[in-house]
Structure formats: structure tokens, C-alpha cells
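Visitor:
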Amino acid sequence: MELNKNLSKIKPSGIRKLFDLAQNRADLVSFGIGEPDFITPDHVREAAKQAIDDGYTHYTPNAGFYDLREALAHKLNEINGISVKTEEVIVTAGGTQALFSSFYALLNPGDELIVPDPGFLVYGSQVLLAGGNPVYLPLREENKFQLDPVELKKLITPRTRAILLNSPSNPTGMLLGEEVLKEIAKIANDYDLFIISDEMYEDIIFDGLKHVSIASFPGMKERTISVFGFSKSYAMTGWRLAYLALPERLANEMIKIQQNTAVCPNSVTQRAALYGLQQEEETKLAIENMRRAYQERRDILVKGLNEIKGFHCLTPEGAFYAFPNISELGKSSEELSMYLLDECGVVTVPGTAFGEQGEGYLRFSYATSSDMIKKGLEKIKEGIDKL
Ligand SMILES: Cc1ncc(COP(=O)(O)O)c(C=O)c1O
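Residue numbering for the sequence shown follows the working numbering, starting at 278 and increasing by one per position.
(1) Measuring only from the beta carbon, is Ala519 closer than 7 angstroms to any heavy atom that is part of ligand 1?
(2) Whose C-beta lies closer than 7 angstroms to the C-beta of Gly358 among residues of the same chain, with five residues either side of it excluded?
(3) Would you mind working out which of Ser503, Ser544, Ile502 and Leu523 sits nearest Arg517, comparing C-alpha positions?
(4) Please indicate yes or no: does the CB of Phe397 lie closer than 7 angstroms to some heavy atom of ligand 1?
(5) Nearest to Leu383 by alpha carbon, out of Tyr333, Glu530 and Tyr343?
(6) Is Gly450 close to ligand 1? I mean its beta-carbon at under 7 angstroms from any heavy atom of the ligand.
(7) Would you tell me roughly how many angstroms separate the C-alpha atoms of Asp576 and Glu312, rounded to the nearest one?
(8) Between Thr560 and the rest of its own chain, which residues show a CB-CB distance below 6 angstroms, the 5 nearest in sequence each way excluded?
(9) Assuming Tyr343 contacts Thr363 (C-beta within less than 8 angstroms), just tell me the rounded distance between them.
(10) Count the other C-beta atoms from every protein chain shown that fall within 10 angstroms of the C-beta of Ile316, then say buried if there are 16 or more, exposed otherwise.
(11) Taking the beta carbon of Glu594 as the centre, do at least 16 other beta carbons fall within 10 Å, making it buried, or is it exposed?
(12) Check each candidate in Arg438, Ala299, Gly485 and His488 and name the one with the smallest Cα separation from Leu470.
(13) According to DSSP, is Tyr552 part of a helix, a strand, or is it coil?
(14) Quick one, are the C-beta atoms of Phe505 and Glu525 less than 8 angstroms apart?
(15) Under 8 angstroms, with one C-beta from each stretch per pair, do the segment 569-588 and the segment 427-441 reach the 3-pair mark?
(16) Ligand 1 heavy atoms versus the CB of Met567: any closer than 7 angstroms?
(17) Pick helix, strand or coil for Tyr616, following the three-state DSSP scheme.
(18) Suppose only complete runs of 4+ residues qualify. What are the alpha helix (DSSP H) ranges in the segment 288-349, listed by chain order?
(19) For Gly416 versus Leu424, is the C-beta spacing smaller than 8 angstroms?
(20) Measuring only from the beta carbon, is Asp475 closer than 7 angstroms to any heavy atom that is part of ligand 1?
(21) Considering only residues of the segment 393-424, which uninterrupted alpha helix (DSSP H) runs meet the minimum length of 4 residues and lie entirely inside it, listed in chain order?
(22) Do the segment 388-402 and the segment 626-635 meet, that is, are 3 or more Cβ pairs less than 8 angstroms apart?
(23) Curious, which full-length beta strand (DSSP E) runs of at least 3 residues does the segment 364-388 contain?
(24) Spatial neighbours of Gly653 within its chain, please: CB distance less than 7 angstroms, with the 5 preceding and 5 following residues excluded, ordered by chain position.
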């Protein structure tokens, strides 16, 4: 029987392939996994237990509990400067679902959506699943992996519907600066395009830099779907909770997708996240402790990588990824990643898992302890010296 043709367009994840190969190997140091190694803050976990005892075991409204949406609308106004009302916030079962619903809502067959390369691998696959065509915009190291507005403009065609932004970025760890965002906003206005702004890592930013939401610029909320979540900020990947800020007319349509797929986000998870938002000070402290730990680990990793022959690594500004250039070593990303796994017992992800432009790079996740990072660096150094 013939299946949906869109499925055959999707390549298996390059990350999974490596994890499968790494299975059953003892004494591995992993820089592979893209999720916080921290456990969800105590008070949020306690709130979940309480929610179960309080009987939050039923369906919730499709767009999420109203009081949670109210609290999120307040946060979006106060922290992100996005002036949304409660009806313009939809709670979803994680960021991945939020992104898919966004693509599905915006695209008709053959419509184009511009996505960054290198970028989170899910974007391209989801655009294909939704029946659209991803158009890849190269992000260049010489440009500190910023998005180049001139290159962006060149990719726009009559079929272009939207541009995807991701700041801080997975896999490069870089932020999109305010000036670049302003130029992108102007392009979106000039060409009447939507922006999907993936801000999942908004709370993990270093060196006093500031996170800027494009939807906070005048008029931009009307053409932006902003994606935020709890997976990274609250170390809640397994709980599946995220939220969207978007114009009301679009929110009303997107709720139909949720109604007919996930039905609603998990009830207990929603109550726990609401408690986290209400306990502002305690939560802020927990997030800050994680952020500080990531920054310390970043410093150890980036310094260590730059001391290894053939590795050149920019200093990431956020998230928990480093994306060193390894092209001098004369091996492809996949070859080097395999060599590090086989020879040194170190898991990394080849840059090509994030797009063609990722050739010549490896992605390191430093959501692991400082001791592990140091051990991994030593093993890599030894392995590279043997090359
Ligand atoms: C840039 C980016 N966006 C979205 C997500 C999806 O997050 P979630 O686990 O909430 O689905 C991830 C997860 O790794 C990510 O790196």
C-alpha cells in the first residue's frame, strides 16, 4: 500500500544514528544529547504531585488551562515585551508540536518556508510533513552564524510564506542581534511574510547579553508566531510543555489542529508549570543556577577545544551547544565524529546532521558535568594527536 509521500522525503536523524552506534559501549563521554542534565526544580515537581492528588486527571481545554494562559500572557508582556492577550496564547505538548502546528497552519502544498542551515533538524522535516518545501538559508561562521538579510532576500519567491528564526540557536549557540532582527522585520513587512520565532532557549544566555523577541517590535506581533517552552528553561523535556504567542485570528485556527491531534497538553504538567510561574522568585533562582552552570561549562569546553590541534570554536552566546570548525583536520564531519566515537569513546554530532552547511563542524552539547567535559577534552586531544 502506498503511504503518504511526504514521509519518504524525511531522512532519518543523524543524531539517532550515532546514538544507536554508541549503545552498549561502556565509559563513553557524551556531548551528544540536546537536553538539560538537571532535574526539574523541586517546587515544580512537588506541584505536579499535588496536582495529581487534587484530581487534575481529566482533559483540559484544547488551548490549555485558562489560568495558565493568563499567566503566560502576563510573562510574555512583562518579560518579552510582546503585547498579547490571553486568547493569543496556546499551550502545546512541547516545542516540537508547537512548531509542527505552526507549519501546518501556514503552508499549502508547495509553499516555501525559509529555514536556517545549520539549524534544528526538525524544521526541514516538519515543513515537508506539512506539505511545504523548506528553503535553506546558509548561516556563515565568518558572520558569527548571524542571518544575512541580503542572502535572505535573495531566497524569497512568490511561494515564500514565512521565515524561521531561532535565537539562541541550536546548533551554533549564537544569538540574533537586535539590529539583524530589525532588518528581518522590515523584510517580513515588505514581502508580507510570517515569522516563526523559536525562542526555546531564551533563558540560557551568557555574558549579560539580552534576549530580544522579534514580536516585541511595533506591528510584528501580527505576523509572528513566537515559540517558547519549558523543556530547556525549567529542565522539563520529558513533561512535554511549550506555548505559542500569535495573533488571535491565527490562534483560533491553530486550536483546530490541537483539537484534532493532541487534544490538549498534559493536565498535570500544566498545573506544575503554572505553579512555577507563580513562584516567580524561587523559579528565577533555579533557572539562574542552571544558566550559571552552563556558562561555566561553556568556558571550560570552548577553551579546551581551542587548545586542540585543528579545532576552532567561536564562543557561544546562549543555549548549551558549541559548534567548532574542524575542517583543518582533513576529515568530513561524519568521519571525525565516528573517529572520536571509535578511538576515544566520545560522542559528538556531525554538523551535517543540521544541514549541508554543517559540513566541517561538530556539535558539542555541554549539558553534562564539568568533570565529564574535562575528561572528554583529554580523550579528544589524545585521539587527535594520533591522527
Ligand atoms: C531549537 C529547538 N527548538 C525546539 C525544540 C523542541 O523542544 P521540545 O522538547 O519542547 O519539543 C528543541 C529541542 O531540542 C530545540 O533545540
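Backbone N, C-alpha and C fix where the C-beta goes; we use that ideal spot for every residue, glycine too.
Guide: A quick look at the data gives this:
(1) Counting from one through the sequence shown, the residue named residue 519 turns up at place 242. For ligand 1, at least one heavy atom lies less than 7 angstroms from the Cβ of Ala519.
(2) Here residue 358 corresponds to residue number 81 of the sequence shown, with the count starting at 1. So the list reads Ser490 and Ser493, once near-sequence residues are dropped.
(3) Stepping through the sequence shown from its first residue, residue 517 is reached at position 240. A check of alpha carbon separations from Arg517 across Ser503, Ser544, Ile502 and Leu523 identifies Ser544 as the nearest.
(4) On the sequence shown, residue 397 is found 120 positions in, with the first residue counted as 1. Yes, since a heavy atom of ligand 1 falls inside the 7 angstroms radius drawn around the Cβ of Phe397.
(5) As a position in the sequence shown, residue 383 is number 106, starting the count at 1. Among Tyr333, Glu530 and Tyr343, the Cα nearest to that of Leu383 is on Glu530.
(6) Stepping through the sequence shown from its first residue, residue 450 is reached at position 173. Answer for Gly450: no, Cβ out of range of ligand 1.
(7) Here residue 576 corresponds to residue number 299 of the sequence shown, with the count starting at 1. Here residue 312 corresponds to residue number 35 of the sequence shown, with the count starting at 1. Approximately 19 angstroms, taken between the alpha carbons.
(8) Residue mapping note: residue 560 aligns to position 283 of the sequence shown, counting from 1. Result list for Thr560: Gly553, in chain order.
(9) Taking the sequence shown and counting its residues from 1, one reaches residue 343 at position 66. Taking the sequence shown and counting its residues from 1, one reaches residue 363 at position 86. Contact flag correct, Cβ pair sits at about 7 angstroms.
(10) Start at 1 with the first residue of the sequence shown, and residue 316 comes out as number 39. Ile316 should be labelled exposed.
(11) In the sequence shown, residue 594 corresponds to position 317, counting from 1. Per the 10 Å Cβ criterion, buried.
(12) The count along the sequence shown starts at 1 and reaches residue 470 at position 193. Minimum Cα distance to Leu470 is reached at Arg438.
(13) For this step, residue 552 is matched to residue 275 along the sequence shown. Three-state result, Tyr552: helix.
(14) Your numbering for residue 505 matches position 228 in the sequence shown. Your numbering for residue 525 matches position 248 in the sequence shown. In terms of Cβ geometry, Phe505 and Glu525 do not form a close pair [threshold 8 angstroms].
(15) Counting Cβ pairs under 8 angstroms, fewer than three are found: no touch.
(16) The sequence position of residue 567 within the sequence shown is 290, counting from 1. False, no ligand heavy atom lies under 7 angstroms from that Cβ.
(17) Within the sequence shown, numbered from 1, the residue matching residue 616 stands at position 339. Of the three classes helix, strand and coil, the one that applies to Tyr616 here is helix, per DSSP.
(18) 291-299 and 319-330
(19) By one-based count along the sequence shown, residue 416 stands at place 139. By one-based count along the sequence shown, residue 424 stands at place 147. Sequence inspection shows Leu at residue 416; the Gly mentioned does not correspond to that position. It is a contact, given that the beta carbons lie within the stated cut-off.
(20) Along the sequence shown, one-based indexing puts residue 475 at 198. It does: the Cβ of Asp475 is within 7 angstroms (strictly closer) of some heavy atom of ligand 1.
(21) 399-406
(22) yes
(23) Counting only runs of 3 or more, we get 366-369.
(24) For this step, residue 653 is matched to residue 376 along the sequence shown. Val306, Phe308 and Val623, listed in sequence order.
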